[in-house]
Every structure is written in C-alpha cells, then in structure tokens.
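Worksheet for the structure shown next.
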C-alpha cells in the first residue's frame, strides 16, 4: 500500500492504516455505469477499493457526456464497462476490475452479489432496482442505492442483516415501480453529487462507520439546496425481506 497515495486517509482516525487495508481487500459491485455509477466508481477507485465489478450493457452515447464525466468524446459507441475500466485503471493501476456487459438474470445477479462486500444500485429504472434489492436481501449484502431526476436526488443505505427494512419496504405495490424514471431530464451535477455520496456511504459501510442514512431515505432538492430525511420502517408485507 502506498502511504503517499492514501496519506489523507491514513491521517483520519476513522480510516487509518487498518481501515485502508480493509478497503484494499473489499469487493464492490456497481450496477449501472451512468450518471450515478461513474462518480461512484471514480471515487472508489481513487480511495483504494481492491476490486470493482462493473455491470452495464449499454454503450456510451453522446447524450451521456454532459454528466457521465468518466467518458470522453472518443468513447461514444464503446461499451460503458470497457471505457470505464480503461479510465479507472488510469486512476488507480492497482485496482482489479471485472466487467459484465450483459443484463444479469436473477440467478447470475445473486451469484455475483454473494461474492461482494457491498452492492451499489446505480440503475435508472425500478425494475432493475427490484431485482438488485431482492438479490441483496437474499445474499445478506449491504445495498447502497441512489437516484437523480430533474433537480432532485435521493440516497439510501440498507445493511440487509435481518434487523431492518430493505429498499422494497418503501413500496406496497409493484405497479408503483414501472415507468417512473423514463423520459425525465436531469441537471448534470445532480447525479454527480449523489453518486459521490454513494461512494462515501459505501466506504462507511465497509469500515462499519455509523451513518444517519442507513434505513433512511435522504431526499435532496438541488434547486433550493435542502435535504429531507424520512425514516424507513420494516413493511411486514414486503415481498423481499419479509417473504
């Protein structure tokens, strides 16, 4: 481990050498390498996470470039996971990266999640979030999830240790999950802020640092600059954690 590279982490009592060693041995899955996943991946790579597993089946589109700053103009048309891998390894050559460029079915998703320390849901649709949450609950792996639409962002952390709610507890009816995130604009810095916070919350989970975001829905009004916090309780009818 380079003491110069991680000097600012080593100076923090909450991290130090022991914490940095934990980060270097951690495996993090990021599903969705877009507006949220790009900044999350960048900061985790820079922070010394040992292994990142990237999953996205899309290619870089020109419309992505305004907010997905991991990508450059000459990567348009390239698979996102491959373009991201190349840039991330320039950020941190010691980083190990595994890429999945296909849509993982529930069985494969569960298998991958069972092998990681934390899963980051950086997808942009509720159908995917349902699948990721279900697999994370089954595997007992912490889930960091976020969203960004228009001038609004949200962020939550679920430890999935059997003692608290899961992401699905927010919703009573599966119909609520369909079609709500399609066709919305977004101010470019909003997913950057939320994605960066997702990286921070991931580090806190890995280091077992307490967080007020755990089992809460943090809502950000980017136009007004204010935050709202909603506590999430176990839904006794939840189809995932109470099934």
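In our numbering, the protein residues as written are 1488 to 1730.
The beta-carbon is built from N, C-alpha and C at its ideal position, and this holds for glycine as well.
Exercise. Does DSSP put residue 1689 in a helix, a strand or coil?
Worked result: helix
For this session: Run the CB neighbour count on residue 1629, radius 10 Å, all protein chains shown included, and call it buried at 16 or more, exposed below.
Result: When all chains shown are included, residue 1629 counts as buried.
Exercise. What are the complete beta strand (DSSP E) segments, minimum 3 residues, inside the region 1690-1720?
Worked result: 1703-1708, 1713-1718
Problem set entry | CB of residue 1539 within 9 Å of CB of residue 1552, strictly | Remark: C-beta atoms of residue 1539 and residue 1552 do not approach each other more closely than 9 Å.
Problem set entry | Sequence-distant residues of its chain with Cβ nearer than 6 Å to residue 1715 (five each side left out) | 1706
For this session: Please name the residue, chosen from 1671, 1489, 1673, that lies closest to residue 1780 on a Cα-to-Cα basis.
Result: Lying outside 1488 to 1730, the shown extent of the chain, residue 1780 is not represented and no answer is given.
Exercise. Looking at the unbroken beta strand (DSSP E) that takes in residue 1643, where does it start and where does it end?
Worked result: Start and end: 1639-1645.
Exercise. Under a three-way DSSP split, which group does residue 1608 fall into?
Worked result: strand
Exercise. Which residue or residues does DSSP assign as beta-bridge partners of residue 1514?
Worked result: Under the DSSP definition of a beta bridge, residue 1514 partners with 1538.
Problem set entry | Endpoints, beta strand (DSSP E) assigned at residue 1630 | 1630-1636
Exercise. Identify the residues that DSSP records as bridge partners of residue 1562: which are they?
Worked result: Its beta-bridge partners do not exist; DSSP assigns none.
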